[in-house]
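Student: The numbering used here numbers the first residue of the sequence shown as 7 and each following residue consecutively.
Where a beta carbon is used, it is the ideal one built from N, C-alpha and C, also for glycine.
Structure provided below as structure tokens; questions to follow.
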Amino acid sequence: MGYERFRTDASPRMAVNRDFPSHPIHPRVEHHPVMTISRLTLQNFRNYPQLRLEAAPGFVVLSGENGAGKTNILEAVSLLAPGRGLRRAALKDIAYEDGSGDFAVAAEMGDVQLGTGTSAAYPERRKTRVNGAAVPTNDLAQWLSILWLTPAMDRLFMEGPSGRRNFLDRLVTALEPDHPRNCTRYDAARRERNRLLADDYMPDSEWLDALDGQLVRFGSAAAQARLRITQELNAMLEGTDDGLFAAPRLNLEDGGHHDPEVLLHSLKSNRREDRAAGRTLKGPHRADLTVFHAAKDQAAEKCSTGEQKALLFSIILAHADLIAEQRGSRPVLLLDEVAAHLDPRRRAALFGKLSEKGGQVWLTGTEPGLFDDAPDDALHFRVAEGSVTVR
Ligand SMILES: Nc1ncnc2c1ncn2[C@@H]1O[C@H](COP(=O)(O)OP(=O)(O)O)[C@@H](O)[C@H]1O
Ligand SMILES: [Mg+2]
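This is the structure:
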């Protein structure tokens, strides 16, 4: 069943196939917005009591000393996507320390206004608005695709699967806006199942059956979306190795749980073990994304740090192409401190690739000189002690 069946005039337009209906309650928009932030406003966000920044399509370059507040701005933009943002921080840590405990991020994107933040009464609950109307935060994905690369992601291939799963889920969300909703519902059903299994008495198996049904419905939908995007990315990445940025090959390891029957069987046959463990041991929540350097046929974790970074660039660039193809607009990219770690040739090549395709790219660096090869129409800002000025 296609998404078209469920689309109402109130939802943004995009050519995405979906398996589950969504129920958008946004005010009407006349056209699918181009994903470019034209104005960003922060209130009580990290070290910014107040900030207003006028942006434009293309490069938005933020340079300034360590601790000036560059990453904070990218983090603010990253909260215009569902999830916990690029630091995965607790909401209460985001609010300005000397403020009233709440924070707000607002962005104008053409004639669409996105806003998200907390209130002093509920500092741990994020509320989101589109054109002034309250919407579930997961719905942000319908309006804006945002992807980021940060220094913390240098360890993506070396650490456990949860970071890679989160990374993959961001890639999927940017293409299939229903994905976070399916993940949220799967996680909620799984928590409920864990609670039920933990109860002393033998749980009512009809209730458990019903919960397993929920896990299968939302879990296999999420796993299918991951598999779909992994395959589409592989197709996009084929033959893109240009000697500067190695092309990866991706592999989703999900235990076959994208198949509802496999997932249902796994849940049913593991109830005893799950009860003993006090949690659901197998399912899409344990999936992993493995990445290989295609030309070398080598696992990413065995590659050099520079090669690993190149693999990530290649994924992000191919993914941006995929978004452009499927959603008709390039995503917003947040590249934190990436310029400093590239040699000048690769830096120029990256800037070239990013600018030739269009789309909005936010970049940070300590030295303005790192951006000498940025396109002529790049916006350059100086960030210093919580204030931002045009360079
Ligand atoms: N909740 C907060 N309230 C006030 N300042 C904060 C808060 N969280 C972080 N900061 C400050 O933000 C600064 C770091 O900003 P950041 O964007 O990471 O710098 P950089 O320019 O190096 O990327 C630090 O000085 C830190 O003390
Ligand atoms: Mg930083």
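#1: Starting from the Cα of residue 362, find the closest Cα among 348, 383 and 371 and give me that residue.
#2: Just to confirm, does residue 238 get its C-beta within under 6 angstroms of one of the non-hydrogen atoms of ligand 1?
#3: To which residues of the same chain is residue 357 closer than 6 angstroms at the C-beta, ignoring the five residues directly before and after it?
#4: Go ahead and pull the three-state DSSP assignment for residue 183.
#5: Does ligand 2 have even one heavy atom less than 6 angstroms from the beta-carbon of residue 134?
#6: Going by C-alpha to C-alpha distance, which of 340, 377, 278 and 180 sits closest to residue 352?
#7: If you measure from the CB of residue 126, is any heavy atom of ligand 4 nearer than 6 angstroms?
#8: Does the beta-carbon distance from residue 129 to residue 105 come in below 7 angstroms?
#9: Where does residue 129 fall in DSSP's three states?
#10: Alpha carbon to alpha carbon, how far is residue 49 from residue 126? Give it in angstroms, no decimals.
#11: Determine the direct distance from the alpha carbon of residue 134 to that of residue 141, and round the result to whole angstroms.
#12: Considering only the alpha carbon of each residue, which of 171, 320, 312 and 175 lies closest to residue 346?
#13: So which of 121, 70, 210 and 53 has the shortest CA-CA distance to residue 387?
#14: Taking only heavy atoms of ligand 1 into account, decide whether any of them is closer than 6 angstroms to the Cβ of residue 98.
#15: For residue 60, does the three-state DSSP call read helix, strand or coil?
#16: Taking the straight line between their C-alpha atoms, what separation do you get for residue 183 and residue 231?
#17: Is residue 73 near ligand 1 - that is, is its Cβ less than 6 angstroms away from at least one heavy atom of it?
#18: Return helix, strand or coil for residue 152, following the three-state DSSP convention.
#19: Does at least one heavy atom of ligand 2 sit under 6 angstroms from the Cβ of residue 315?
#20: If we count Cβ pairs, one from each stretch, closer than 8 angstroms, do we get three or more for the segment 204–223 versus the segment 158–168?
#21: Can residue 92 and residue 103 be called in contact, C-beta distance under 7 angstroms?
#22: Residues in the same chain with beta-carbon distance under 6 angstroms from residue 369, minus the five sequence neighbours each way, listed in chain order, please.
#23: Determine the burial state of residue 139: buried for a count of at least 16 other Cβ atoms within 10 Å of its Cβ, exposed for fewer.
#24: Work out the CA separation of residue 63 and residue 276 for me, nearest whole Å.
#25: Output the distance between the C-alpha atoms of residue 6 and residue 254, rounded to the nearest integer angstrom.
#26: Whole beta strand (DSSP E) runs in the segment 249–319 with 3 or more residues, listed along the chain?
#27: Could you name the residues of the same chain whose beta carbon sits closer than 7 angstroms to that of residue 307, not counting the 5 residues immediately before and after it, in chain order?
#28: When DSSP labels each residue in this structure, what does residue 50 get in the three-state scheme?
#29: I'd like to confirm something about residue 372: is its beta-carbon nearer than 6 angstroms to some heavy atom of ligand 2, or not?
#30: If you measure from the CB of residue 53, is any heavy atom of ligand 1 nearer than 6 angstroms?
#31: Near residue 396, which residues of its chain fall below 8 angstroms by C-beta distance, leaving aside the five closest residues on each side in sequence?
#32: Which residue spans inside the segment 79–126 form an unbroken beta strand (DSSP E) run of at least 3?
#33: If you measure between the beta carbons of residue 155 and residue 344, is that distance less than 7 angstroms?
#34: To the nearest angstrom, report how far apart residue 305 and residue 188 are at their CA atoms.
#35: Residues in the same chain with beta-carbon distance under 6 angstroms from residue 265, minus the five sequence neighbours each way, listed in chain order, please.
#36: My output table needs one value for residue 336: the three-state DSSP class, helix, strand or coil.
Tutor: Taking the structure as given:
#1: Locating residue 362 in the sequence shown gives position 356, counting from the first residue. The residue with the shortest Cα to Cα distance from residue 362 is 383.
#2: The sequence position of residue 238 within the sequence shown is 232, counting from 1. Because no heavy atom of ligand 1 lies under 6 angstroms away, the Cβ of residue 238 does not count as near it: no.
#3: Here residue 357 refers to the residue found at position 351 when the sequence shown is read from its first residue. Once the five neighbours on either side are set aside, the close Cβ partners of residue 357 are 379 and 380.
#4: If you number the sequence shown from 1, residue 183 lands on position 177. Of the three classes helix, strand and coil, the one that applies to residue 183 here is coil, per DSSP.
#5: By one-based count along the sequence shown, residue 134 stands at place 128. Incorrect: residue 134 has no Cβ contact closer than 6 angstroms to ligand 2.
#6: Mapped onto the sequence shown, residue 352 falls at position 346. When each option's Cα is compared against that of residue 352, the closest is 377.
#7: Questions concerning ligand 4 fall outside what the structure shown contains, since the ligands it does hold are ligand 1 and ligand 2.
#8: Here residue 129 corresponds to residue number 123 of the sequence shown, with the count starting at 1. Here residue 105 corresponds to residue number 99 of the sequence shown, with the count starting at 1. Taking 7 angstroms as the Cβ cut-off, residue 129 and residue 105 do not qualify as a contacting pair.
#9: Within the sequence shown, the letter at position 123 stands for residue 129. Of the three classes helix, strand and coil, the one that applies to residue 129 here is coil, per DSSP.
#10: As a position in the sequence shown, residue 126 is number 120, starting the count at 1. As a position in the sequence shown, residue 49 is number 43, starting the count at 1. Looking at the two C-alpha atoms, the distance is approximately 13 angstroms.
#11: What you label residue 141 is simply residue 135 of the sequence shown in a count that begins at 1. What you label residue 134 is simply residue 128 of the sequence shown in a count that begins at 1. Near 6 angstroms, if we compare the C-alpha coordinates of residue 134 and residue 141.
#12: Looking up residue 346 in the sequence shown gives position 340. The shortest C-alpha separation from residue 346 is found at 312.
#13: For the purposes of this step, residue 387 is identified with residue 381 of the sequence shown, where counting begins at 1. Here the closest residue by C-alpha is 70.
#14: Locating residue 98 in the sequence shown gives position 92, counting from the first residue. Every heavy atom of ligand 1 is 6 angstroms or more from the Cβ of residue 98, so no.
#15: Position 54 of the sequence shown, counted from the start, is the residue given in the question as residue 60. Reduced to three states, the DSSP call for residue 60 is strand.
#16: Translated into positions along the sequence shown, residue 183 becomes position 177. Translated into positions along the sequence shown, residue 231 becomes position 225. Spanning the two alpha carbons is a distance of roughly 10 angstroms.
#17: For the purposes of this step, residue 73 is taken as residue 67 along the sequence shown, with counting starting at 1. At least one heavy atom of ligand 1 is nearer than 6 angstroms to the Cβ of residue 73, so yes.
#18: Residue mapping note: residue 152 aligns to position 146 of the sequence shown, counting from 1. DSSP places residue 152 in strand when its eight states are reduced to three.
#19: The residue labelled residue 315 in the question sits at position 309 within the sequence shown. No, the beta carbon of residue 315 sits no closer than 6 angstroms to any heavy atom of ligand 2.
#20: no
#21: Along the sequence shown, one-based indexing puts residue 92 at 86. Along the sequence shown, one-based indexing puts residue 103 at 97. No, they are not a contact pair.
#22: Position 363 of the sequence shown, counted from the first residue, corresponds to residue 369. The residues are 67 and 341.
#23: Position 133 of the sequence shown, counting from 1, holds the residue named residue 139. Per the 10 Å Cβ criterion, exposed.
#24: Walking along the sequence shown from the start, residue 276 turns up at place 270. Walking along the sequence shown from the start, residue 63 turns up at place 57. Cα to Cα, residue 276 sits roughly 51 angstroms from residue 63.
#25: Given that the chain is displayed from residue 7 to residue 397, the structure contains no residue 6 and the question cannot be resolved.
#26: 254–259 and 294–299
#27: Reading the sequence shown from its first residue, position 301 is the one you call residue 307. 163 and 164, listed in sequence order.
#28: The residue labelled residue 50 in the question sits at position 44 within the sequence shown. Residue 50 falls in the strand class under three-state DSSP.
#29: Locating residue 372 in the sequence shown gives position 366, counting from the first residue. Every heavy atom of ligand 2 is 6 angstroms or more from the Cβ of residue 372, so no.
#30: Here residue 53 refers to the residue found at position 47 when the sequence shown is read from its first residue. Indeed, a heavy atom of ligand 1 lies less than 6 angstroms from the Cβ.
#31: By 1-based counting over the sequence shown, the position of residue 396 is 390. Counting only Cβ-Cβ distances below 8 angstroms, and skipping sequence neighbours, we find 385, 386, 387 and 388.
#32: 110–115 and 118–123
#33: If you number the sequence shown from 1, residue 155 lands on position 149. If you number the sequence shown from 1, residue 344 lands on position 338. Cβ distance < 7 angstroms, so residue 155 and residue 344 count as in contact.
#34: For this step, residue 305 is matched to residue 299 along the sequence shown. For this step, residue 188 is matched to residue 182 along the sequence shown. For residue 305 and residue 188, the distance between alpha carbons rounds to 30 angstroms.
#35: Locating residue 265 in the sequence shown gives position 259, counting from the first residue. Correct list: empty, nothing qualifies.
#36: The sequence position of residue 336 within the sequence shown is 330, counting from 1. In this structure, residue 336 counts as coil in the three-state DSSP scheme.
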